[in-house]
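Single-structure report; data block below.
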Ligand code: ADP
Ligand code: ASP
Ligand code: MG
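Residue numbers (the working numbering): 471 to 1039.
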């Protein structure tokens, strides 16, 4: 059996769902389980609805209407007209229940995690029902099955813990008896032993698919999404990032833990223990190979497999002379955080035991600060420990690779590349497995840091230079011509790839994020904004590009007076 999971973008509208149907239809398999997310954006809309309703904001009705319109439109575009009425009436009845629940939250001006889970479940329930009906209407041998009858959890609403024993029994019993070639199930949703609705956490449809794959010993788990695999870095931040052909379970787990959103981190565990391969594919480019996640020994090659990043991190540092040699301080520190359900993304401790520092999500910062200070009230009052130091607005970047341990100098290369580009490092952690080196930096430096590291480890022969040029007289215009030529003719080992981001003469200046098209620089500059040296300097800082170079092609002493400011940065 194969399990295919399609994410929110893949099922966002009728046109995309037809693409999904094509992929499933072309699969030469007898038994397929199709796990689907809610139509893209619907989960966010449902959460917004509960928030508005519980705040007694009438506009919750607008988001309900938007939810209704999206689903009705999708049905009308997918299902032949003669089959629509039964499907529309079932969907409308579900939408009525949803409306009643939202109205309840409005009337009592309250939302509980239990009610939120109940409401947010409608996203996947509706999408899976509509998609299964569409499959059936095209003559496919398909059926719908409610995954709340298969996946059982505890009652931690919002991110429930799966009870594998009963889930495995349910899945085995159902799938060994089903006669349908294709079973469509909703991702993300589950139910507790008492029968209450629960969910598996944001992004949890990947996990639903993995839980079912493991329960029925599937031969493969396919995750269909909107990019062509797991990339060497977040493709939205690093344009040069490429899909990784093969990667080990452990590497994929590290990359997703540190922010590669393409796979929900808990997804790997259930399939790893059964050695079921995961294939990540692009719904909109199915011909592309994608990424195969498999056992370590089957994966060859590079020392650094990928770079990932998590933004909106807060560092909590506990420090003080009273910490030295007193056992149990870190235990108490971690206990406070875990009892409040706060997950720790990164830990560092100085060897003197003088301080311990953890990275958590910005969302948890305020509550963590007050809980930790309360837990160490006595030590703080007696000045053995300082009140916990809280720094927000940070991010983690991590280099990941199974073979990093057998290569020397990787961290040196990492930190010197960052240092050269003025990226300040607040904390460092390296896992004992040496599969990961992570650094805490400022959120504002993430784009620069990721691009710097990507260039260093994955584009070894290319170096992008970002030029900010002042002066376009005789020397300046010649210079621009040379840069243009150099782009075309460079054939040396190290390919320098210069682009001009900012250009100014004494009258006007222009900036272009991806590089000024140099064929037209004269026209563009003539139409630019009024030249302003201070603003030019501020823009150089604002772009915050790696390998930024200020070029002075003027003969002006005033411009030369700015050098020290540029050099300082
Ligand atoms: P789905 O809705 O299909 O589950 P997600 O939005 O959860 O899709 O995950 C896919 C997105 O993950 C991509 O569009 C991409 O922006 C983001 N992403 C972040 N890091 C990576 C990475 N290293 N490789 C691939 N995608 C990544
Ligand atoms: N629809 C849910 C979410 O947006 C689950 C998922 O798509 O994986 O988080
Ligand atoms: Mg996802």
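Note that the Cβ used here is the ideal one computed from N, Cα and C, for glycine as well. All values derive from a computational prediction rather than experimental measurement.
Asked	Found
Give the single residue among 1004, 543, 970, 619 whose Cα lies nearest to the Cα of residue 976.	1004
Residues in the same chain with beta-carbon distance under 8 Å from residue 622, minus the five sequence neighbours each way, listed in chain order, please.	632, 633, 636, 637, 640, 660, 661, 662, 663
Starting from residue 886 and walking both ways along the alpha helix (DSSP H), at which residues does that stretch end?	880 to 890
Among 530, 555, 825, 560, which has the Cα closest to the Cα of residue 569?	530
Below 8 Å on the Cβ atoms is my contact criterion, and I expect residue 787 with residue 825 to pass it. Report the Cβ-Cβ distance as a whole number of Å.	6 Å
How far does the alpha helix (DSSP H) with residue 840 in it extend, from its first residue to its last?	835 to 845
Per DSSP, residue 816 is paired with what?	829
I think residue 1040 touches residue 601, with their Cβ atoms under 8 Å apart; what is that distance to the nearest whole Å?	The displayed coordinates of the chain run from 471 to 1039. Any statement about residue 1040 would go beyond what the structure contains.
When the Cα of residue 981 is compared with those of 965, 954, 1012, which residue comes out closest?	1012
Going by CA-CA distance only, name the one from 1038, 474, 851 that's closest to residue 792.	851
Does the count of Cβ pairs from the stretch 909 to 916 and the stretch 892 to 900 closer than 8 Å reach three?	yes
Just confirm the distance between the C-beta atoms of residue 780 and residue 844, as a whole number of angstroms; I'd bet it's less than 8 Å.	The pair is not a contact, with the Cβ atoms about 27 Å apart (cut-off 8 Å).
Taking 8 Å as the cut-off, does the stretch 864 to 879 touch the stretch 717 to 733 (at least 3 CB pairs, one atom from each stretch)?	yes
Tell me whether the beta-carbon of residue 751 lies closer than 7 Å to the beta-carbon of residue 684.	no
Evaluate residue 1030 with the Cβ neighbour count: other Cβ atoms within 10 Å of its Cβ, from every protein chain shown; 16 or more gives buried, anything less gives exposed.	exposed
Say whether the stretch 556 to 564 touches the stretch 589 to 608, bearing in mind that this needs 3 or more beta-carbon pairs closer than 8 Å, one atom from each stretch.	yes
Going by DSSP, what residue range makes up the alpha helix (DSSP H) through residue 979?	Residue 979 -> not in any alpha helix (DSSP H); beta strand (DSSP E) instead, spanning 978 to 981.
Residue 509 and residue 482 - do their beta-carbons sit closer together than 7 Å?	yes
Considering only their Cβ atoms, is the gap separating residue 1007 from residue 936 smaller than 7 Å?	no
Does residue 781 come out as helix, strand or coil in the three-state DSSP assignment?	strand
Quick one: is the Cβ of residue 675 within less than 6 Å of any heavy atom of ligand 2?	yes
Round the Cβ separation of residue 867 and residue 800 to the nearest angstrom and send it over; I've been treating them as touching at under 8 Å.	That pair is no contact at about 25 Å.
To the nearest angstrom, how far is the alpha carbon of residue 849 from that of residue 856?	8 Å
Buried or exposed: residue 926, going by 16 or more other Cβ atoms within 10 Å of its Cβ?	buried
What are the boundary residues of the beta strand (DSSP E) that includes residue 1021?	1018 to 1022
Indicate the three-state DSSP secondary structure (helix, strand or coil) for residue 940 in the structure shown.	strand
Return the CA-CA distance between residue 497 and residue 810, expressed in angstroms with no decimal places.	46 Å
Here's the rule I'm using: 16 or more other beta-carbon atoms within 10 Å means buried, otherwise exposed. How should residue 475 be labelled?	buried
Could you give the distance in angstroms between the alpha-carbon of residue 1027 and the alpha-carbon of residue 945?	16 Å
Quick check for students: name the residue ranges of the alpha helix (DSSP H) that lie wholly in the stretch 689 to 737, counting only runs of 4 or more.	719 to 727
Is it true that the stretch 578 to 591 meets the stretch 529 to 545, where meeting means three or more beta-carbon pairs spaced less than 8 Å apart?	no
Kindly indicate the opening and closing residues of the alpha helix (DSSP H) around residue 541.	530 to 548
Which one of 591, 645, 502 has the shortest CA to CA distance from residue 629?	591
Measure the C-alpha to C-alpha separation of residue 576 and residue 627 and round it to an integer number of angstroms.	20 Å
Considering only the beta carbon of each residue, do residue 929 and residue 710 sit closer than 7 Å?	yes
Find the nearest neighbour of residue 652 within the set 608, 668, 676, 886, judged by alpha-carbon distance.	608
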